[in-house]
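Accompanying notes for the structure given below.
Numbering (the numbering used here), first residue to last: 249 to 497.
Written out as structure tokens, the structure is:
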């Protein structure tokens, strides 16, 4: 994979799980990393892990559903490192509920956390990348956007929206040398699985052709590759990372 030395990467939702793994992977690849999260203690811990891995990072506290805070996070990246080259818009929510049981507030939470946040992030990241001469963005969707999952209708709708929004953005800004892609992970062992019994992992893994649940690092490596020059001709693509699960459905 090509070096990311002297480049700057921004990762939202970087306080744990896939976001943290991606932030560390960017740091290992040579990029300076802007770690964005709502939880300062966990975000600072991610910065420490980046530094322990030989990288450089800084923490920015932000709620990515609020325009003023998203604008400020990008401005902080520019003020700290002078440019923005890569962004992984990972932050989101995964609340569940049947469609008729959802309240309007439940619906708004899923749309805002998973879709509006991606739109706001790109709204401010893209001009910064234009000033830097180009860049690459990866937006977080989900396997749940590609298949019906009972109890996750609002989540799936928001994540499907991320795919459509990202493809439109790729059509609009590829000419500015800004590549925009999407990832759709399947089952990945993150903090959301905390407290789950071991047999649950075995049950899920039994339905995955590769034979195991994903690790955050599996997703992180794909994100860094999509941002790198090794993926220079990839734009508007939704990369499904699920161990082959959707291939056999």
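Beta carbons: idealized from backbone N, C-alpha and C, even for Gly.
Chain-order list of residues whose beta-carbon lies under 8 Å from that of residue i (same chain, five-residue window excluded)
{"i": "residue 305", "result": "271, 275, 280, 281, 282, 283, 294, 295, 298, 299"}
{"i": "residue 273", "result": "465, 468, 469, 471, 472"}
{"i": "residue 398", "result": "346"}
{"i": "residue 259", "result": "267, 270, 271, 274, 281, 282, 283, 284, 335, 336, 338"}
{"i": "residue 265", "result": "436, 438, 439, 440, 464"}
Whole-number beta carbon distance between residue j and residue i, since they are thought to touch under 8 Å
{"i": "residue 285", "j": "residue 263", "result": "4 Å"}
{"i": "residue 476", "j": "residue 250", "result": "5 Å"}
{"i": "residue 340", "j": "residue 388", "result": "6 Å"}
{"i": "residue 333", "j": "residue 302", "result": "That pair is no contact at about 19 Å."}
{"i": "residue 360", "j": "residue 410", "result": "About 13 Å; that fails the 8 Å criterion."}
{"i": "residue 483", "j": "residue 429", "result": "7 Å"}
{"i": "residue 462", "j": "residue 491", "result": "6 Å"}
{"i": "residue 416", "j": "residue 393", "result": "The pair is not a contact, with the Cβ atoms about 15 Å apart (cut-off 8 Å)."}
{"i": "residue 368", "j": "residue 318", "result": "4 Å"}
{"i": "residue 487", "j": "residue 431", "result": "5 Å"}
{"i": "residue 406", "j": "residue 358", "result": "5 Å"}
Contact set for residue i: own chain, Cβ-Cβ below 6 Å, skip 5 residues either direction
{"i": "residue 269", "result": "464, 465, 468"}
{"i": "residue 261", "result": "267, 338, 339"}
{"i": "residue 433", "result": "467, 489"}
{"i": "residue 471", "result": "270, 336, 386"}
{"i": "residue 253", "result": "278"}
{"i": "residue 309", "result": "288"}
{"i": "residue 474", "result": "386, 429"}
Residue environment, residue i, which counts as buried when at least 16 other CB atoms sit within 10 Å
{"i": "residue 496", "result": "exposed"}
{"i": "residue 365", "result": "buried"}
{"i": "residue 478", "result": "exposed"}
{"i": "residue 351", "result": "exposed"}
{"i": "residue 313", "result": "buried"}
{"i": "residue 287", "result": "exposed"}
{"i": "residue 444", "result": "exposed"}
{"i": "residue 376", "result": "buried"}
{"i": "residue 307", "result": "buried"}
{"i": "residue 494", "result": "exposed"}
{"i": "residue 419", "result": "exposed"}
Cβ of residue i within 8 Å of any chain D Cβ
{"i": "residue 402", "result": "Among the chains in the structure shown there is no chain D, since it carries only a single protein chain."}
Cβ neighbours of residue i in the same chain (closer than 7 Å, five flanking residues each side left out)
{"i": "residue 331", "result": "256, 380"}
{"i": "residue 424", "result": "378, 382"}
{"i": "residue 292", "result": "307"}
{"i": "residue 448", "result": "none"}
Inset, instruction - Determine, using beta-carbon pairs with one atom in the stretch 321 to 328 and one in the stretch 369 to 381, whether at least three such pairs fall under 8 Å. - result: Contact between the stretch 321 to 328 and the stretch 369 to 381 is present, because at least three Cβ pairs lie under 8 Å.
Inset, instruction - Give, in chain order, every unbroken run of the beta strand (DSSP E) that is at least 3 residues long and sits entirely within the stretch 402 to 481. - result: 426 to 433
Legend entry - Every unbroken beta strand (DSSP E) within the stretch 341 to 370, with a cutoff of 3 residues, ordered by chain: none
Inset, instruction - Specify whether the stretch 376 to 392 and the stretch 343 to 354 touch according to this definition: at least 3 beta carbon pairs, one from each stretch, less than 8 Å apart. - result: As far as the Cβ criterion goes, the stretch 376 to 392 does not touch the stretch 343 to 354, which means the pair count is below three.
Inset, instruction - Let me know the alpha helix (DSSP H) ranges lying completely inside the stretch 254 to 313, each 4 residues or longer, listed in chain order. - result: Residue ranges of uninterrupted alpha helix (DSSP H) with 4 or more members, entirely inside the stretch 254 to 313 and ordered along the chain, are 265 to 276, 288 to 300.
Inset, instruction - Give a yes or no on contact between the stretch 399 to 417 and the stretch 452 to 461, applying the rule of three or more CB pairs nearer than 8 Å. - result: no
Legend entry - Within the stretch 379 to 404, ranges of the beta strand (DSSP E) (whole runs, at least 3 residues): For the stretch 379 to 404, whole beta strand (DSSP E) runs of length 3 or above, ordered along the chain, are 383 to 388.
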